[in-house]
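Take a look at the structure below.
Numbering (our numbering), first residue to last: 55 to 949.
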């Protein structure tokens with residue numbers, strides 16, 4: 055509340071004359087809506103040296119450290135008042151005075167501290183008043199109040215015609231909020247405009263602290279940088295910022311589990327808030343079984359128990375139980391019952407019991423068993439002496455044999471063991487039969503197999519026969535053996551789908567024959583990129599290509615930037631059995647849509663397929679709790695463009711070429727995997743402490759292919775016009791060749807130390823200039839050979855641009871021969887270097903630096919071409935048919 059002072063009751067005027075004092079008057083006026091309002095006015099503009107004060111009542115601070123004063127007022131234009139030149143003012147002063155209590159009826163002027171001189175943005179004239187146009191001004195000033203319990207505000211008039219309409223005093227707080235299941239109370243902001251108040255949160259009901267929850271209250275009343283948080287307690291999950299009980303049929307065993315899960319098979323929960331599900335009747339759970347494991351049963355009895363007797367020793371063999379009860383921890387025990395264990399020719403009964411982890415559970419019953427009786431000193435059958443082949447096909451062999459010479463009893467069955475000869479019994483298969491023949495199927499064509507046969511009687515199995523070798527038939531359509539035309543037949547037979555590898559385009563079908571041919575033509579270990587957008591379920595893609603990381607292994611340390619989807623932080627990752635490493639952590643901000651979630655995770659699905667020293671490495675993802683996170687290796691020097699601008703002129707040319715070589719190596723790896731980056735730029739190259747450059751940012755939207763109306767729109771802002779090839783802008787044709795164009799721009803950025811391509815030209819002017827043939831000139835001190843490589847990358851026809859493999863080879867030559875980097879264009883206009891120009895090296899030798907293969911490599915002969923695809927044996931056949939050069943092969947037909 056404002057009060058009007060009465061002469062010297064509130065202020066000491068010192069030696070000033072009383073005649074010059076005028077006080078503020080409380081006046082009722084009508085606002086522009088004809089509503090009466092109370093104002094304080096003063097308008098002593100005719101007399102000089104005015105010093106009129108208006109002071110508020112005592113205002114309690116209420117814990118605020120910085121208060122804001124909003125003043126609404128009107129002010130008369132001095133020019134509209136005749137005869138007041140030199141005495142009229144258009145400003146007033148705002149003061150404050152701190153006090154512990156409301157008892158100070160007398161306050162010296164010198165005790166007040168000036169906040170500011172306040173001027174009007176809008177003043178009015180007498181004409182304005184006649185027309186009822188009131189020019190209302192609103193000004194806000196902030197005051198730091200930290201030493202006393204409260205304060206006074208005062209307004210000093212020094213000769214203006216002014217009316218105070220309202221004064222509002224307030225302070226800012228960060229409101230009560232819940233973040234990461236921690237409650238942060240209403241918090242008063244700090245005393246300074248740049249200060250952050252650290253606030254510790256408390257876990258909401260039914261939750262436990264995961265890591266100390268903290269946030270910072272900013273001076274503007276906004277919460278910043280959430281760290282740590284809480285987990286919902288067992289039996290509860292997060293819903294709407296609170297921990298809600300798991301409903302019947304669901305459970306949650308541990309606080310670190312992200313959500314309630316449906317009861318596993320053969321179990322149930324009838325009440326809300328279950329931490330474990332009970333097993334159905336007849337099913338059990340062992341003490342060591344996790345709550346997420348299905349309830350299981352004891353196994354059934356072992357099967358096919360057989361014995362092998364060798365005088366006074368017995369070998370027992372059996373097959374696993376038909377029903378394992380849903381477990382894999384079956385164990386067996388053997389009981390023996392004999393008539394007289396000290397005599398020969400004694401009859402014994404052996405019983406084999408099967409048990410698993412729940413066999414001893416209450417109500418599980420006794421362990422099921424199977425028994426066999428044997429008599430010692432009973433002989434097993436002798437080996438089979440001969441095996442014959444009755445029939446043979448590409449994939450099967452029909453075998454036959456005679457009964458052993460000494461069966462020593464009734465033959466109960468035969469066992470056949472076989473394996474590929476090359477495997478040498480490292481991997482074999484077993485078949486059993488009651489007859490003396492067996493049809494072995496599922497074999498590979500034109501392959502030699504080794505067979506052994508043995509017989510079994512009541513005394514057990516005899517020894518295996520000697521090895522017998524038999525071969526299956528060959529394929530009727532050999533791939534290479536009957537001439538190159540057979541390969542062409544296969545290529546002509548398949549339809550519809552094309553695969554390009556190097557300079558060879560192959561027609562692809564799902565034929566197993568063609569798959570065999572491709573395995574011959576493609577180098578061993580070639581890996582092809584899989585687009586995660588082809589997955590119907592994006593979660594399946596992320597699980598296929600990225601490792602899930604437990605959030606408890608991640609320690610966030612600080613915020614280092616803002617990404618497209620949320621904050622980017624640095625921190626540490628400590629996985630079990632591995633040393634702690636520094637990582638970068640991208641998080642998905644709250645309130646995301648399904649599309650944003652899919653786009654966010656797709657980058658990890660892409661990155662997880664790559665493994666190269668010049669590609670940013672994905673450590674893993676967090677998808678089972680919020681926020682979703684992508685964890686990558688930490689690159690200490692950040693993005694390449696900012697790093698180069700910070701260190702302008704500090705590197706040698708060889709160091710710059712080394713950076714370019716690393717980027718080219720990473721891009722060659724991506725192109726070999728048939729991956730097109732689409733957004734290659736220095737801002738998307740990261741640099742570590744060893745100056746190793748790594749390609750990053752694999753999240754450019756596919757909207758260009760799917761939406762014809764989005765020619766210049768991607769997920770972030772616009773298509774990077776300055777880095778994008780013309781055909782990609784105009785026709786949305788993104789290929790490795792368009793990535794090569796972008797690489798040329800990156801080269802220019804690196805050599806110019808992060809300068810903006812095409813400088814201040816707008817995007818439309820850039821597109822027009824490039825279309826008309828303009829290309830970026832060489833940066834200062836740029837070697838001629840590097841600028842020529844840039845120009846090669848910027849060829850209008852994409853087929854004329856070099857491949858990343860050629861670029862990499864050329865950069866390797868430059869690094870080995872640094873003398874070729876000495877020639878620079880300076881400030882002169884650079885004429886294009888003729889293809890295949892030989893530049894002098896520092897060693898006095900000549901080094902070819904062209905990226906065009908024909909310029910530096912002699913043309914291949916037909917023999918060299920045949921040799922490269924493994925068909926050199928047909929050299930004379932091709933020569934006799936008149937195919938003497940590669941150009942003549944273009945006319946080659948099947949006939």
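All residues carry an ideal CB built from backbone N, CA and C; glycine is no exception.
Reference residue i; option with closest CA among the options
i           : options               : result
residue 860 : 925, 612 and 721      : 721
residue 625 : 299, 685 and 266      : 685
residue 130 : 109, 96, 112 and 107  : 96
residue 501 : 821, 198, 486 and 524 : 524
residue 877 : 842, 864 and 935      : 842
residue 775 : 733, 747 and 740      : 733
residue 591 : 270, 267, 655 and 645 : 655
residue 961 : 306, 232 and 665      : Here the chain has residues from 55 to 949 only, and residue 961 is not among them.
residue 709 : 610, 784, 875 and 825 : 875
residue 213 : 673, 107 and 444      : 107
residue 139 : 587, 631, 101 and 436 : 101
residue 300 : 325, 319 and 277      : 325
residue 173 : 928, 143 and 118      : 143
residue 599 : 664, 696 and 178      : 664
residue 227 : 250, 211, 93 and 929  : 250
Spatial neighbours of residue i in its chain, beta-carbon cut-off 8 angstroms, leaving aside the 5 residues before and after
i           : result
residue 478 : none
residue 69  : A caution first: residue 69 carries a pLDDT of 36, below 50, which makes its placement in the model unreliable, though a value can still be read off. Here the set comprises nothing.
residue 304 : 314, 315, 316, 317, 323 and 328
residue 955 : Nothing can be reported for residue 955: it is not among the residues displayed for the chain, which extend from 55 to 949.
residue 287 : 260, 261, 262, 297 and 309
residue 270 : 250, 251, 252, 253, 277, 278 and 279
Three-state secondary structure assigned by DSSP to residue i
i           : result
residue 800 : helix
residue 231 : strand
residue 641 : strand
residue 933 : helix
residue 293 : strand
residue 513 : coil
residue 303 : coil
residue 950 : In the structure displayed, the chain extends from 55 to 949; residue 950 sits before or after that span and is not available.
residue 623 : strand
residue 817 : helix
residue 928 : helix
residue 938 : coil
residue 283 : strand
residue 421 : coil
residue 334 : coil
residue 126 : strand
C-beta contact flag for residue i and residue j at 8 angstroms
i           : j           : result
residue 128 : residue 223 : no
residue 384 : residue 355 : no
residue 432 : residue 340 : no
residue 405 : residue 392 : no
residue 824 : residue 735 : no
residue 332 : residue 348 : no
residue 202 : residue 152 : yes
residue 45  : residue 451 : For the chain, the structure presents residues 55 to 949; residue 45 sits outside this window and is missing.
Boundaries (first-last residue) of the alpha helix (DSSP H) holding residue i
i           : result
residue 656 : 648-661
residue 695 : 694-700
residue 782 : 780-785
residue 727 : It is not in any alpha helix (DSSP H) - residue 727 carries neither H nor E in the DSSP assignment.
Same chain, Cβ closer than 7 angstroms to residue i, five either side skipped, listed in chain order
i           : result
residue 747 : 668, 694, 713, 716, 717, 739 and 741
residue 413 : 352 and 421
residue 728 : 582 and 583
Same chain, Cβ closer than 6 angstroms to residue i, five either side skipped, listed in chain order
i           : result
residue 198 : 120 and 245
residue 833 : 805 and 806
residue 476 : none
residue 886 : Low local confidence applies: a pLDDT of 35 at residue 886 is under 50, so the model's placement there is unreliable, and no value is given.
residue 460 : 436
residue 491 : 454
residue 577 : Residue confidence for residue 577 is low, a pLDDT of 46 falling below 50, so the modelled location carries little weight and cannot support an answer.
Extent of the continuous beta strand (DSSP E) run through residue i
i           : result
residue 609 : 608-616
residue 119 : Counting along the chain, residue 119 falls outside any beta strand (DSSP E), and DSSP gives it neither H nor E.
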